[in-house]
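Engineer: The structure that follows is given in the form of structure tokens.
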Amino acid sequence: MPVAVIVAFALARDVDPGKPASKSPGPLPPITVSAPAVNAAAESPCAQVLSALPITLGQLAPRVVHAQPDSPNVVAWGDPAVVLRCGVSRPAGFDPVAQVYLLGGVYWLPVKQKTATVWTAIDRSVYVEVTVPAKQAFQPLPLLGAAVAKKLKPICAVPEDNSTPREDQLCVNRK
Numbered sequence: 290m291p292v293a294v295i296v297a298f299a300l301a302r303d304v305d306p307g308k309p310a311s312k313s314p315g316p317l318p319p320i321t322v323s324a325p326a327v328n329a330a331a332e333s334p335c336a337q338v339l340s341a342l343p344i345t346l347g348q349l350a351p352r353v354v355h356a357q358p359d360s361p362n363v364v365a366w367g368d369p370a371v372v373l374r375c376g377v378s379r380p381a382g383f384d385p386v387a388q389v390y391l392l393g394g395v396y397w398l399p400v401k402q403k404t405a406t407v408w409t410a411i412d413r414s415v416y417v418e419v420t421v422p423a424k425q426a427f428q429p430l431p432l433l434g435a436a437v438a439k440k441l442k443p444i445c446a447v448p449e450d451n452s453t454p455r456e457d458q459l460c461v462n463r464k
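So the sequence shown is numbered by my numbering: it starts at 290 and just counts up by one.
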């Protein structure tokens, strides 16, 4: 029996003639994202982070990413896309009075933009940036922070509860 007939038969037996056929959404289209500048010091830490990331992010399906320039350090999920870029530069606006949040065991600096918030992990050996669209109902930072924390230890400190680490230990003082 030809393979096409076998496949058609297998598909037909799962269809209830009394119900209309439901359409599955299919894969999400690829997106193009700007990649961080090449940085040899980020290669190993980013490879570790990427190895710990989930295939699906909560209920968000993975996206094919065309990074410009080509880079393995950019991944995305969902529509609108949540985009993670590993090995980015120090975030603008990261200063001693910047408000940071501990999510998933990692300290994140948020920068609100028109249509998204860009969150950057500030306490690891590489900066990891996650762009979360304003229309995205799912908050991915606890899951992504846990993946980052699993692979990379903190390298600097954020003052908490009236504690003040030494100046040379503060995350705000790293490059």
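All C-beta atoms, glycine included, are put in the ideal place defined by N, C-alpha and C.
Could you tell me which uninterrupted beta strand (DSSP E) segments, each at least 3 residues in length, are contained entirely in the stretch 329-398, listed from first to last along the chain?
Structural biologist: The qualifying runs are 354-357, 363-366, 371-377 and 390-392.
Engineer: Have a look at glutamine 348 and isoleucine 320 and give me their C-alpha separation to the nearest angstrom.
Structural biologist: Looking at the two C-alpha atoms, the distance is approximately 18 Å.
Engineer: Is proline 325 helix, strand or coil by DSSP?
Structural biologist: DSSP places proline 325 in coil when its eight states are reduced to three.
Engineer: Report all residues from its chain with a CB closer than 7 Å to the CB of proline 351; omit the five preceding and five following residues, and keep chain order.
Structural biologist: Hits under 7 Å: Ile344, Thr345 and Trp366.
Engineer: Secondary structure at lysine 401, three-state DSSP: helix, strand or coil?
Structural biologist: Looking at lysine 401 - three-state DSSP - the assignment turns out to be strand.
Engineer: Any idea which residues DSSP pairs isoleucine 320 with across the strands?
Structural biologist: Val354, per the DSSP bridge assignment.
Engineer: If you reduce the DSSP assignment to three classes, tell me which class leucine 430 lands in.
Structural biologist: Residue state, collapsed to three classes: helix.
Engineer: Could you pull the DSSP bridge partners for glutamate 418 from this structure?
Structural biologist: DSSP output for glutamate 418 lists Arg374 and Thr409 as bridge partner(s).
Engineer: Using a Cβ-Cβ cut-off of 6 Å (strictly less than) and excluding sequence neighbours within five positions of glycine 434, which residues of its own chain qualify?
Structural biologist: Answer for glycine 434: Leu392, Gly393, Gly394 and Val395, listed in chain order.
Engineer: Taking the alpha carbon of alanine 446 as the reference point, which residue from Asp412, Asp359 and Leu430 has its own alpha carbon closest?
Structural biologist: Considering only alpha carbons, the answer is Asp412.
Engineer: By a C-beta neighbour count over all protein chains shown, 10 Å radius and 16 as the cutoff for buried, is proline 429 buried or exposed?
Structural biologist: Classification for proline 429: buried.
Engineer: Does the stretch 364-381 come close enough to the stretch 416-428 to have 3 or more Cβ pairs within less than 8 Å?
Structural biologist: The stretch 364-381 is in contact with the stretch 416-428.
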